Amino acid sequence: MPQAQFSVDSAVRRLREFSELTEHRMGLKPREARRVHAAFQLLATGPPSDSKRTAQSIDYFEFLQRVKTLTGNDGIVLCAAGLGPSAIVNMKDAVRVYLPSKLKQEWAGFKIGVLQALAKNYAEGTKQVYGGVDPGSRMLPPIEPQITASK
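151 is the number that UniProt numbering gives the last residue of the sequence shown; the numbers go up by one with no jumps.
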């Protein structure tokens, strides 16, 4: 079943609803937790060099970097669990680029108490295992484009 295309506004609406649901649930479902763990791991280690998935991983990685810069680790938890990597990678480029800025504009309207606690735990756990994703930092080093020589 193909995924519905998001607009920036529909993605923000979905994330706002997800933040409220997470507050009431007081946590994440196991599948959502795996997505968040994978997102923090990706930020700590960088995208894989596997040529088949490199472009998708770079798109997701760059999106997560922008989210972290604008909303912190709480935003990473929100986007990774609330949308997931497939939905983010399959977004139109403009939506993927503008969504972090729109999230920042509307951040005050999100329920983030549980997300903050989860983000702290994931960031600390990732730092212990991979040595990355400083919970106090909002900036990550920029990704360098990988250029492969064609034969």
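Think of the CB as a built atom: it goes at the ideal place given N, C-alpha and C, for glycine as much as any other residue. These figures come from a predicted structure and were not determined experimentally.
- Query: Anyone know if the C-beta pair for L78 and S19 falls short of 8 angstroms?
  - Reply: yes
- Quick one: grab the DSSP three-state call for K102. helix
- Message: Can you give me the C-alpha to C-alpha distance between S10 and P30, rounded to a whole angstrom?
- Response: 25 angstroms
- Where does R13 land, buried or exposed, given buried means 16+ other C-beta within 10 angstroms? exposed
- Query: Where R53 and A80 are concerned, what is the direct C-alpha to C-alpha distance, given to the nearest angstrom?
  - Reply: 18 angstroms
- Item | Short CB-CB distance (under 8 angstroms) between M26 and chain D | No chain D is part of this structure, which consists of one protein chain only.
- Query: Looking only at its own chain, which residues have a Cβ that is under 6 angstroms from the Cβ of P85, when we skip the five neighbours before and after it?
  - Reply: Y60
- If we ignore side chains and look at the alpha-carbon of each, how far apart do F40 and G109 end up? 24 angstroms
- Task: Would you mind sorting P145 into buried or exposed? The rule is 16 or more other CB atoms within 10 Å of its CB.
- Result: Interpretation of P145 is limited by its pLDDT of 40, a score under 50 that renders its predicted location unreliable; no figure is taken from the coordinates.
- Output yes or no for whether 8 angstroms exceeds the beta carbon distance between V89 and Q56. yes
- Give a yes or no on whether the C-beta atoms belonging to A33 and I76 are separated by under 8 angstroms. no
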